[in-house]
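Worksheet: one structure, shown below.
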Amino acid sequence: MPIVVGQRRGLFGFRSLGGGPTIQVEGIENTVRLVQELGKENKKALRKGMEKAGRFLLARSKELVPVATGKLKRSGQSKVLNDSSGMPRYIVSYATPYALYVHEDLDAFHEVGQAKFLEKPAREYRLTLIHMIKEEVRKSTRRVGRMRLRGRR
166 MPIVVGQRRG LFGFRSLGGG PTIQVEGIEN TVRLVQELGK ENKKALRKGM EKAGRFLLAR
226 SKELVPVATG KLKRSGQSKV LNDSSGMPRY IVSYATPYAL YVHEDLDAFH EVGQAKFLEK
286 PAREYRLTLI HMIKEEVRKS TRRVGRMRLR GRR
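So for the sequence shown, the working numbering puts the first residue at 166; every next one is plus one.
Rendered as structure tokens:
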């Protein structure tokens with residue numbers, strides 16, 4: 166399954182993500198491999214693309230978050246962190262103690278919002294998210310290629 170939802174504590178050693186639902190979108194393995202081969206500039210581009218994708222997913226998710234007090238919606242965050250190999254990964258999460266429960270409870274009625282408020286847009290916009298990341302890497306690759314042709318590094 167390309168989308169993983171679960172409760173993550175201390176992911177990559179960062180406790181600030183809280184105990185709420187976290188989405189991991191997979192499918193950009195080829196882009197990551199390319200970036201590893203092409204070097205530092207493209208890692209920056211990969212990170213920039215992931216930041217864009219994370220903000221986009223967070224915004225789409227916040228449109229669906231159930232709102233009673235607004236605390237859950239305000240706790241949403243998007244971060245780009247490095248994994249153990251030094252490659253950036255983006256994480257979108259909600260950091261309230263009840264976020265996972267609200268996310269997974271399909272039987273609950275919400276006047277505003279719905280369950281699966283993070284998973285649904287992650288599935289729906291999966292290809293858009295991947296495209297956003299790939300586009301930043303593509304731009305960087307063209308820029309780096311032009312610099313190499315001109316003799317700059």
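The beta-carbon is built from N, C-alpha and C at its ideal position, and this holds for glycine as well.
All figures in this text were calculated on a predicted structure; none of them were measured in a lab.
Neighbourhood of residue 226 by C-beta, 6 Å cutoff - its chain only, sequence neighbours within 5 removed:
As a position in the sequence shown, residue 226 is number 61, starting the count at 1. If you ignore the 5 residues before and after residue 226, its C-beta comes within less than 6 Å of the C-beta of 282, 283, 286, all in its own chain and listed in chain order.
Express the C-alpha separation of residue 275 and residue 294 in angstroms, rounding to a whole number.
As a first step, residue 294 is located in the sequence shown; it is residue number 129 there, counting from the start. As a first step, residue 275 is located in the sequence shown; it is residue number 110 there, counting from the start. Near 27 Å, if we compare the C-alpha coordinates of residue 275 and residue 294.
Alpha-carbon spacing of residue 229 relative to residue 238, whole angstroms:
To locate residue 229, count along the sequence shown from 1; it is residue 64. To locate residue 238, count along the sequence shown from 1; it is residue 73. Spanning the two alpha carbons is a distance of roughly 9 Å.
Might you give, ordered along the chain, the residues of its own chain that have their beta carbon closer than 6 Å to the beta carbon of residue 163, omitting 5 neighbours on each side?
The chain is shown from 166 up to 318; residue 163 falls before or after that span and cannot be answered.
Under a Cβ-count criterion, where at least 16 other Cβ atoms within 10 Å of its own Cβ denotes burial, should residue 262 be classed as buried or exposed?
In the sequence shown, counting from the first residue as 1, residue 262 sits at position 97. With fewer than 16 Cβ atoms within 10 Å of its Cβ, residue 262 is classed as exposed.
Under a CB-based cut-off of 7 Å, is residue 277 close to chain C?
Here there is only one protein chain, and chain C is not present.
Suppose you measure from the CA of residue 248 to the CA of residue 255; what does that come to, to the nearest Å?
For this step, residue 248 is matched to residue 83 along the sequence shown. For this step, residue 255 is matched to residue 90 along the sequence shown. The alpha-carbon atoms of residue 248 and residue 255 are separated by roughly 10 Å.
Residue 214 in three-state terms, based on DSSP
Here the question's residue 214 lines up with position 49 in the sequence shown. In the structure shown, residue 214 sits in a helix (DSSP, three-state: H, G or I).
Which residues DSSP lists as bridging residue 243, in chain order
As a first step, residue 243 must be located in the sequence shown, where it is residue number 78. Answer is 257.
Assuming contact is defined by CB atoms lying nearer than 7 Å, are residue 241 and residue 259 in contact in what I supplied?
If you number the sequence shown from 1, residue 241 lands on position 76. If you number the sequence shown from 1, residue 259 lands on position 94. In contact: residue 241 and residue 259 (Cβ atoms closer than 7 Å).
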